[in-house]
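Asker: Dropping a structure here in structure tokens format, bear with me for questions.
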Amino acid sequence: MYTILLVDDEPLICRGLSNLLQASGLSIGTIFIANNGQEALDYLRLEDVDLIVTDIQMGTMNGIELMHQAKIMKPWVETIVISAHETFQYAQTAMRLGAKDYLIKPLNNEQFLDTVRNVLLQMEKPSVPGEELLSNLRTNFQMESPNESKNEWLNRLVKGEPLEAKKIAEELSGGFGVSIDGPYFAVFRVKLELGELPAKDRGLLRYAALNIVNELLSEERKHQAFYSGDDELCVLIEWSEQEYNETAMNKIDQLEYIGRSLHFHIEKFLQRRVFVGISQILKDVVFIPTVGLQAARALRWREEHPDHHVFYYGDYKWGSREDGSTAEEGLAQSNGIVEQAKHYIDENYMKKGITLNEVAHHNHVSPNYLSYLFKKYMNCNLWEYVIRLRMEESKRLIETTDLRRYEIADRVGYESPEHFSKIFKKYYGISPSDWKK
């Protein structure tokens, strides 16, 4: 059963779509309704949402901004956009952010349900684990032989010497028709844990992973995906000047979104543990070996953090660790990041629109890494901590002041008093008005 989040600042539209979905016969378990982007983010943080249906124009946070935040938070959540504006720029941006469709109001009920049905069908999770999955792959997957020469040249480009990189890129273009243009590049290394499988099955799973990578990135970004060693894939991603200068999403957030999306989908469909190492973005072909090395080094951090899965090179203080610092010093660094984040939240939890990536950028680490460290050392995720502070302060205000509900909601960071009441009741099991009594 799937969970759907409806987001529109017109309550009648939300109720109408909810009724339509409930009567559709589709495999839908829960439908949440949010009347603005901030409410929608709370549901995303607290619930396992599979599909967002969102309007474009909504108060302080529009649907495009919501999609950005959703992709950073949970890259696998699918989105359908609805809008009263048949604007090419909105539609283009929404589709580039991965929207499955862009529907114009007033909605055609059948068209809307068909779109939802198609999205849910594509999201079907595999129900056959282990040997059955391998058996299905053996039967239904026609594995093509990899172009060994092309793989070798791409590996030479990523693992070679910077001075040779430009020459290798030119030879790739001439010999294999592989255009390496950039001028901005990043590398993702994907490590598959395949265990003690026969060589043929290992090859089949590596090939399936390569296909998943290519399918995910085919419309997202120009890239080259290839084998780079035992049970490891390498993905070289390019940005043109125009793409790189688009300010829609912070570059670290964009790298993290791609890395987490690769991890989620490969692990979901192959049902094997997967780790991803991510480089920074550097400009010029000569730095491709550098970003290749960065991704390899980032991936090695899984040895210290086996319960983490996506590693960004820029999160780690490499100089101090490689100069022989101890595990205790590494622990102190991690604790320092968490303490800085906690201090920032303590000072800003009442701010409307505060997000995980805002806290992460303030601490100069990726949202993914901060989220991992915070949960590891605080025994709760970062947003649960924000809610705890908001609820404790709102309870104090209810007990010690005569402020009205909307005033308390405003003071602790909520746009809507109704949404504040929902969160309060979920947290304490009683409404704010009943607590006051």
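Residue numbers (the working numbering): 24 to 460.
Backbone N, C-alpha and C define an ideal beta-carbon position, used for all residues, glycine too.
1. State the start and end residues of the unbroken beta strand (DSSP E) segment that holds W262.
2. Output yes or no for whether 8 Å exceeds the beta carbon distance between F461 and I260.
3. Run through DSSP, which three-state label would K306 get?
4. Can the beta-carbon of A248 be found less than 8 Å from the beta-carbon of L233?
5. Does H387 come out as helix, strand or coil in the three-state DSSP assignment?
6. Using three-state DSSP, classify Q294 as helix, strand or coil.
7. Locate the beta strand (DSSP E) running through A248, then write down its first and last residues.
8. If you follow the alpha helix (DSSP H) that D224 is in, where does it begin and where does it stop?
9. Have a look at V213, L177 and L393 and flag the residue whose alpha-carbon is nearest the alpha-carbon of G359.
10. Which runs of the beta strand (DSSP E) at least 3 residues long sit entirely within the stretch 91-152? Give them in chain order.
11. For A432, report the span of its alpha helix (DSSP H) as first-last.
12. Taking 8 Å as the cut-off, decide whether the C-beta atoms of H331 and H286 are in contact.
13. Excluding the 5 residues preceding and the 5 following A117 in the sequence, name in chain order all residues of the same chain whose CB lies nearer than 6 Å to its CB.
14. With distances taken Cα to Cα, identify the nearest neighbour of K375 among A319, V30, A432 and T424.
15. Assuming V308 and A209 form a contact by the criterion Cβ under 8 Å, report the distance between their Cβ atoms to the nearest whole angstrom.
16. Below 8 Å on the Cβ atoms is my contact criterion, and I expect I27 with L74 to pass it. Report the Cβ-Cβ distance as a whole number of Å.
17. Is the distance from the Cβ of I95 to the Cβ of N380 below 8 Å?
18. What are the boundary residues of the alpha helix (DSSP H) that includes T423?
19. List, from N- to C-terminal side, the alpha helix (DSSP H) runs of 4 residues or more that fit wholly inside the stretch 264-290.
20. For E290, which residues in the same chain have their Cβ closer than 6 Å to its Cβ, ignoring the five residues on either side in sequence?
21. Taking just the CA atoms, how far does D32 sit from G60?
22. Do you know how far the Cα of I127 is from the Cα of K399?
23. Per DSSP, which one or two residues make a beta bridge with D78?
24. Tell me the DSSP bridge mates of R212?
25. My output table needs one value for Y437: the three-state DSSP class, helix, strand or coil.
26. So T313 is in the beta strand (DSSP E); what residue range does that whole segment cover?
27. Is the beta carbon of I311 less than 8 Å from the beta carbon of K274?
28. Is the CB-CB distance between V382 and A355 below 8 Å?
29. Quick check on DSSP: helix, strand or coil for Y335?
30. For the alpha helix (DSSP H) containing I36, name the first residue and the last one.
31. Pick helix, strand or coil for I360, following the three-state DSSP scheme.
32. Quick one: what does DSSP say V72 is sitting in, helix, strand or coil?
33. Just to check my reading of the structure: W406 and R119 have Cβ atoms closer than 8 Å, yes? What is that Cβ distance to the nearest angstrom?
34. Comparing C-alpha positions only, which one of E370, G39, D369 and K340 sits nearest to S357?
35. Taking DSSP as the reference, what is the three-state secondary structure of L28?
36. Can the beta-carbon of I301 be found closer than 8 Å to that of L316?
Answerer: Result, derived from the coordinates:
1. Mapped onto the sequence shown, residue 262 falls at position 239. W262 -> beta strand (DSSP E) spans E255 to W262.
2. The first residue shown for the chain is 24 and the last is 460, placing residue 461 beyond what the model contains.
3. Here residue 306 refers to the residue found at position 283 of the sequence shown. Note: K306 maps to strand in three-state DSSP.
4. Here residue 248 refers to the residue found at position 225 when the sequence shown is read from its first residue. Here residue 233 refers to the residue found at position 210 when the sequence shown is read from its first residue. Cβ atoms of A248 and L233: closer than 8 Å.
5. Walking along the sequence shown from the start, residue 387 turns up at place 364. It is coil, neither helix nor strand.
6. Numbered from its first residue, the sequence shown carries residue 294 at position 271. Three-state DSSP puts Q294 in coil, outside helix and strand.
7. Within the sequence shown, the letter at position 225 stands for residue 248. H246 to G252 is the span of the beta strand (DSSP E), which, as asked, contains A248.
8. Here residue 224 is taken as the residue at index 201 of the sequence shown, counted from 1. Per DSSP, D224 belongs to the alpha helix (DSSP H) from A222 to L240.
9. Here residue 359 refers to the residue found at position 336 when the sequence shown is read from its first residue. For the residues V213, L177 and L393, the minimum Cα distance to G359 belongs to L393.
10. 101-106 and 124-127
11. Taking the sequence shown and counting its residues from 1, the one referred to as residue 432 is at position 409. Here the alpha helix (DSSP H) through A432 covers R428 to R434.
12. Position 308 of the sequence shown holds residue 331. Position 263 of the sequence shown holds residue 286. For H331 and H286, no; Cβs fall outside 8 Å.
13. The residue labelled residue 117 in the question sits at position 94 within the sequence shown. Result list for A117: V104 and Y125, in chain order.
14. Stepping through the sequence shown from its first residue, residue 375 is reached at position 352. With distances taken between Cα atoms, K375 lies closest to A432.
15. Taking the first residue of the sequence shown as 1, we reach residue 308 at position 285. Taking the first residue of the sequence shown as 1, we reach residue 209 at position 186. About 13 Å; that fails the 8 Å criterion.
16. In the sequence shown, residue 27 corresponds to position 4, counting from 1. In the sequence shown, residue 74 corresponds to position 51, counting from 1. Indeed, because the Cβ distance is near 5 Å, the residues count as touching under 8 Å.
17. In the sequence shown, residue 95 corresponds to position 72, counting from 1. In the sequence shown, residue 380 corresponds to position 357, counting from 1. Result yes, Cβ atoms of I95 and N380 sit closer than 8 Å.
18. Locating residue 423 in the sequence shown gives position 400, where the first residue counts as 1. T423 -> alpha helix (DSSP H) spans L405 to T423.
19. 264-268
20. In the sequence shown, residue 290 corresponds to position 267, counting from 1. These residues qualify, in order along the chain: V297.
21. Position 37 of the sequence shown, counted from the first residue, corresponds to residue 60. Position 9 of the sequence shown, counted from the first residue, corresponds to residue 32. Looking at the two C-alpha atoms, the distance is approximately 9 Å.
22. As a position in the sequence shown, residue 399 is number 376, starting the count at 1. As a position in the sequence shown, residue 127 is number 104, starting the count at 1. Each residue's Cα considered, the two are about 44 Å apart.
23. As a working note, residue 78 is residue 55 in the sequence shown. Looking at the DSSP assignment, D78 forms a beta bridge with I105.
24. For the purposes of this step, residue 212 is identified with residue 189 of the sequence shown, where counting begins at 1. Paired residue(s): C257 and G300.
25. Position 414 of the sequence shown, counting from 1, holds the residue named residue 437. Of the three classes helix, strand and coil, the one that applies to Y437 here is coil, per DSSP.
26. As a first step, residue 313 must be located in the sequence shown, where it is residue number 290. No beta strand (DSSP E) contains T313, which is instead part of the alpha helix (DSSP H) from I311 to L322.
27. Against the sequence shown, residue 311 aligns to sequence position 288. Against the sequence shown, residue 274 aligns to sequence position 251. Their beta carbons are not under 8 Å apart, which means I311 does not touch K274 by this criterion.
28. The residue you call residue 382 lines up with position 359 of the sequence shown. The residue you call residue 355 lines up with position 332 of the sequence shown. No, Cβ-Cβ distance for V382 and A355 is not below 8 Å.
29. Position 312 of the sequence shown holds residue 335. Three-state DSSP puts Y335 in a strand.
30. Residue 36 sits at position 13 when you count from the first residue of the sequence shown. Where I36 is concerned, the enclosing alpha helix (DSSP H) stretches over P34 to Q45.
31. Working through the sequence shown from its first residue, we reach residue 360 at position 337. Note: I360 maps to helix in three-state DSSP.
32. Start at 1 with the first residue of the sequence shown, and residue 72 comes out as number 49. Coil, per DSSP.
33. As a position in the sequence shown, residue 406 is number 383, starting the count at 1. As a position in the sequence shown, residue 119 is number 96, starting the count at 1. In fact, because the Cβ distance is near 27 Å, the residues do not count as touching under 8 Å.
34. Indexing the sequence shown from 1 puts residue 357 at position 334. When only C-alpha atoms are compared, the closest one is K340.
35. To locate residue 28, count along the sequence shown from 1; it is residue 5. Three-state result, L28: strand.
36. The residue given as residue 301 occupies position 278 in the sequence shown. The residue given as residue 316 occupies position 293 in the sequence shown. Not a contact, by the Cβ cut-off of 8 Å.
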